[in-house]
Amino acid sequence: MRLSPIPRLLLPLFYPGNPSSQAFLVIIMKKTQLLDTFRNIKKQLVSWLSIIVISSFALAAYLGLTYSAYGLEKAGQNLYDSTNFRDIQITSNCLISESDLEQIKKVPGITGVEGLLRTSGRISGNNITKPVYITSVPKHIGLPILQEGHLPESDSECIIEQYLADKLGIKIGDSLSIKDAYDEDIPELNLNSFKVTGIFLHAEHASFDLEETYCILVDNSAFDSSKFDNCYCLADVTFDNPEHFRTFSRDYFNLSDTYIDSLETLGKSLSSERYDKYTKFMDEQLSDSEKDLSDAEAQLSLAAKTVPSLKGKTGEIMADMSNMLSVIISTDPSEYKTADEQITAYEDAKKEYDHAVKRVTDTRNGLNKILGMGKSEWYVFNRNANPCFVFLKNNTENLRALNLSFSLLFVAIAIMVIFASLSRMVYEQRSIIGISKALGLHQFEIFSKYLIFGFSGAVLGIILGIALSLFIIEWIVALGYGDHFIFGPFPFAIDIIPTVVSVLVAVIVAILSINASCSSLLKETAKKLLSPRIPKGHAKALEKSPFLKRLNLYNRMILLNMRSDIVRVIVTIISVAGCCSLVVIGFSLRASIMGAIKYQISDYTHYDAKISYSNEISPSASGDIKDILKGHNISYISFLNKHGSVQVDDTLEYMEFLICDDLKSFSNFRPLTSLGEKEGLIITNRLAEIYDLGEGDSIYVIDDMGYKHSAKVSAVAKNYIGRYVICTKTYYEQIMEDTFENNTFFIKLNSSVDEVSLQDDLLNIQGYEAYTPASEQVEMFNNLLIVLNLVIGLLIILSGVMALFVLLNLADMYLLSKKNELTIMRINGFTVKETVLYAVREVFFTTTTGIILGVIIGCIIVYSIIRTMEQVHLMFVRSPSIPSCILGTLITAGFSIGIYYLSMKKVKDLSLKDI
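Sequential numbering of the sequence shown, starting at 175, is according to the working numbering.
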């Protein structure tokens, strides 16, 4: 062989017997190897760039979602740390005394305890009534995040959560009137009108996407503490976390469980004393209230006898009537009123009396439940009892679920690309490797050239992948989540351990792939490498296979060539399958998510609007609304809509109860896939799957006082989005041992209904609270899934670009491997068309096989991802998405056709010098 790079003058130096020849040779060859490496990169630029791009995408797919999950988790952690959010919350059926708080402080590891006063009420604005909690301002635990204004400084001031301010149009400086469920003044408050001095956010309601009861914070002095027996409604607790466990980690919840066990034990030890004090206090309070009601009833009875004589006596002075009503209504007896005014005063007093009777009756029923239970009980909950905390945790888990599935495929494809690129290059340069070995180079010195080629591409890919993860993927995800959580777009965050581990894994994988592609050839002798490579087994294959004998020459040659280069064929098929499956997974996940929204609306939301009302405020509210609906020719169903919890094993799940005696009619508005044959609870299939529940199983329903009531599951109904429990009112009242009034209508509008006119009519109804179009429910569904959809859209783009580069690299390698064969065909007189048709037959086989395999793999992985991402309130469409499979097939096939079309154009220019 002619050694043109080395001058003939220097040939004696390379004689093996010359002592200086080895050292000189090594110096010359190191420079030559380095130059040859750069020549390889230039010659195989497409393959080298493919390694960079695909390595970067593989790392970006993993680290981008890892950083996003970590950033979202860290933003939540910072929110909870900065506000000193509770680790544990304690409530009790007998309230929590100051001495209870002192005992809690003594539990080893407890770092903080704060008692809070709380009552419930309603506020109105923008023609909407919203339930609220009125809570004392926390001083140490669960601090509010003021957006504007200042904290309450007197008993007549309050601050309001931003959601309520925005929804009801409330501003700083406004006077806020708070009423109870009966539209009366709240007895636990000293005042019932407050000046708004600030607007705040709270970690309790970290997300804007959940329908919850929001808070108004007032000073402690705004409460009449005597109504609480000088105790607290709840206690927020923090504990020591010496290991600094992340708030969403399993270790944190294991630690939390140990404190919960200690506090529950403490609660049992204090039960007897607290029970006796509280029941005595409540009995005295009720006795006083019942005596006052008895006196008021006598006064009303006397006043009622006077009312008929007042009819038509407008303008007369009736001082006696005012005196009779003075006990009930806050009117100065010295003030004289006209007859109409006195009649109105009587009616108002009568309504107030009726509400007071209901309130006292409800309180008496509550006391009877406590007496029936015979003990005081603490209810101790960790952060998982907070719906927004769980929602935030679930979002981080969803990102990690996507992360693991997608990144594994990206990594598998990256390995195939590196292996295929290096294998092809080494195969093409087998004679050069043979010469290098003959000249005395060690195996590692030869290997280093290919190591630099593959490793440099992988390292540049790693650097680019980290940059893509941090500045593109995490940035987009942070912006997406910014509108859904109170902390806004989370700042860039790098999770060090996964970064270091993934970089090390990427380096090791790259080196192993490079070694696997080169090792077998590098082990062969120089003589064998310099000898022509002779394919084996063709003659025997022809003799043994009747199938091959029946094929024409073209097809026989293609199959035999594929058989002799089976590793390349398998790598090609796997690479195409990986690309296709990534695209199929992306589009299938998107279809599954959008399908959940679509089917929840089309299959389970057949009403057009929801009307909320309160019969406590006005017993005629339901009838008055029905009259309006009939007047507008609107079909409707009345039911009880209630939020509460169920307990399965030791886990509480927050649920929305839809309670209606006529479930068949109800199903016309909110379809049910199963009604059940017996009385019981109809639960969603996700709740049933998670807790392995079926017809006849028992769960507990938690009432407003925290008591557990055993209930049977009568049926499992399909549902995509939402936490629903459905049952008849008869059964609900039976298990809860109480009676309830309906408070909601589902309605169906006809084309002639003017919604504005309908809402105007409803505003005149006493007890009417809100009109909620079904479109708002749709918007809520979209808000729950919009960011997840955004992330998947980003992964689809990455998958598409990666598929493009993989197929580009495969086409380039294929043409290089076939160059000699195709050139000989052209020299021997085959036309360009015949040569191209011969070349693309293998391409057609490998691409088609890869696409079919990719679609199958994609469907299997999609199902696994979907099941991992599903939650108790969320089920995705699980069946394979045929349009997504077709789209993945078309994209992969389209890329292949376009790329190979451009590559095959080079066939016409092949000549003898290309061999």
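Here a beta-carbon is modelled for each residue, glycine too, at the ideal position from N, C-alpha and C.
Keep in mind that this is a model prediction, so the values were computed, not measured.
Around the beta-carbon of Asp986, 16 or more other beta-carbon atoms lie within 10 Å, marking it buried. Distance from the Cα of Ile791 is smallest, within the candidate group Ala232, Asp354 and Glu385, for Asp354. The beta carbons of Gln336 and Ile302 sit no closer together than 7 Å. Nearest to Tyr881 by alpha-carbon distance, out of Phe1018, Gln821, His817 and Ala396, is Gln821. Taking 7 Å as the cut-off, the Cβ atoms of Ala891 and Ser931 do not count as close. Just measuring C-alpha positions, the residue of Phe563, Lys772 and Ala409 sitting nearest Leu275 is Ala409. Within the DSSP secondary-structure output, Trp552 pairs in a beta bridge with Ser266.
Note that the C-beta distance between Ser399 and Val281 is not below 7 Å. In this structure, Asp782 sits near Lys922, with a CB-CB distance shorter than 7 Å.
DSSP, read as helix, strand or coil, puts Thr285 in strand. Its Cα nearest to that of His314, the residue Thr285 stands out among Thr285, Pro326, Arg292 and Ile308. Sequence-distant Cβ neighbours of Val591 in its own chain, meaning closer than 7 Å and more than five residues away, are Ser224, Ile225, Ile228, Ser749, Val980 and Asn983. Within the segment 877-964, the runs of alpha helix (DSSP H) that reach at least 4 residues and sit entirely inside it are, in chain order, 903-910 and 929-937. CA-CA distance, Thr265 to Tyr906, rounds to 24 Å. For the set Asp823, Val681, Leu653 and Phe618, the Cα lying nearest the Cα of Gly639 is the one of Val681. Straight-line measurement puts the Cα of Leu763 at about 7 Å from the Cα of Ile966.
Inclusion of Leu686 and Ile607 in the CB contact set at 7 Å is not warranted, their separation being larger than that value. In the DSSP assignment, Gln1045 forms a beta bridge with Leu1048. A residue is called buried once 16 or more other Cβ atoms fall within 10 Å of its Cβ, and Ser446, having fewer, is exposed. Remark: C-beta atoms of Ser351 and Ser330 do not approach each other more closely than 7 Å. Taking 8 Å as the upper bound for CB-CB distance, Phe840 and Ile808 are not in contact here, some 16 Å apart.
Here Leu756 is buried, its C-beta having at least 16 other C-beta atoms within 10 Å. In terms of Cβ geometry, Thr1042 and Ala575 form a close pair [threshold 7 Å].
Counting other Cβ atoms within 10 Å of its Cβ, Pro361 stays below 16 and is therefore classed as exposed.
Only buried fits Lys304, as 16 or more other CB atoms lie within 10 angstroms of its CB.
The segment 630-645 and the segment 666-680 touch, with three or more beta-carbon pairs separated by less than 8 Å.
Scanning its chain for C-beta atoms nearer than 6 Å, with the 5 sequence neighbours on each side dropped, one finds around Phe580 the residues Ala235 and Leu969, in chain order. For His658 against Phe1050, the beta-carbon gap comes to about 19 Å, at or over 8 Å, which does not count as contact. Lys304 has Ile297 as its beta-bridge partners, per DSSP. Restricting attention to Tyr945, Ile998 and Thr371, the CA atom closest to the CA of Ile334 is found in Thr371. Rounded to the nearest angstrom, the Cβ distance from Ile802 to Asp912 is 29 Å, too far for a contact under 8 Å. In this structure Ile895 is in contact with Gln774, their Cβ atoms being roughly 5 Å apart against a cut-off of 8 Å. A Cβ-Cβ distance of about 39 Å is found for the pair Ala700 and Leu1027, leaving them out of contact under the 8 Å criterion. Its chain contains Leu996, Met999, Arg1000 and Val1081 as the residues whose beta carbon lies nearer than 7 Å to that of Thr1009, once the 5 sequence neighbours on both sides are disregarded; these appear in chain order.
In the structure shown, Asn366 adopts coil according to DSSP, grouped into three states. For Pro672 and Thr240, the gap between their C-alpha atoms comes out near 8 Å.
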